[in-house]
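First up is the structure itself, then whatever we jot down about it.
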Amino acid sequence: MKILFNSIHLFFFSLYVDFYKYRFDCAVKKRLKNGKNISTKKLTQMSDKCYYLFNSFIEKEKRLRLKM
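Take the sequence shown: its letters are residues 11 to 78, numbered as in my numbering.
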């Protein structure tokens, strides 16, 4: 039962990661389309958070696979 709960949690976490990555990609595309600089503090923070979330997802997935 715990593995099922963790699998569901991992699924929803992956949706969150994908959504955040989509928001970041849209923000970058919008800035490129408008000819603005993409080296801003906000985009750097979003990029760092995307990287952190993705790594967290990979670690959670590894832990879940080890439990199976």
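Note that the Cβ used here is the ideal one computed from N, Cα and C, for glycine as well. No experiment lies behind these values; they were computed from the predicted model shown.
Next on the checklist: By the DSSP assignment, the alpha helix (DSSP H) with I18 in it spans what residues?
Outcome noted: Within the sequence shown, residue 18 is the residue found at index 8, counting from 1. Taken as a continuous stretch (DSSP letters only), the alpha helix (DSSP H) holding I18 covers K12 to K43.
Checklist entry - Is it true that the CB of N16 sits closer than 9 Å to the CB of K77? => result To locate residue 77, count along the sequence shown from 1; it is residue 67. To locate residue 16, count along the sequence shown from 1; it is residue 6. For K77 and N16, yes; Cβs fall inside 9 Å.
Next on the checklist: Give me the residue from E69, F34 and I13 with the minimum Cα distance to T54.
Outcome noted: The residue you call residue 54 lines up with position 44 of the sequence shown. Ranking E69, F34 and I13 by Cα distance to T54 puts F34 first.
Checklist entry - Between which two residues does the alpha helix (DSSP H) carrying S66 extend? => result By one-based count along the sequence shown, residue 66 stands at place 56. From DSSP, the alpha helix (DSSP H) with S66 extends over K51 to K77.
Checklist entry - Any contact of the stretch 18-27 with the stretch 40-56, i.e. 3+ C-beta pairs under 8 Å? => result no
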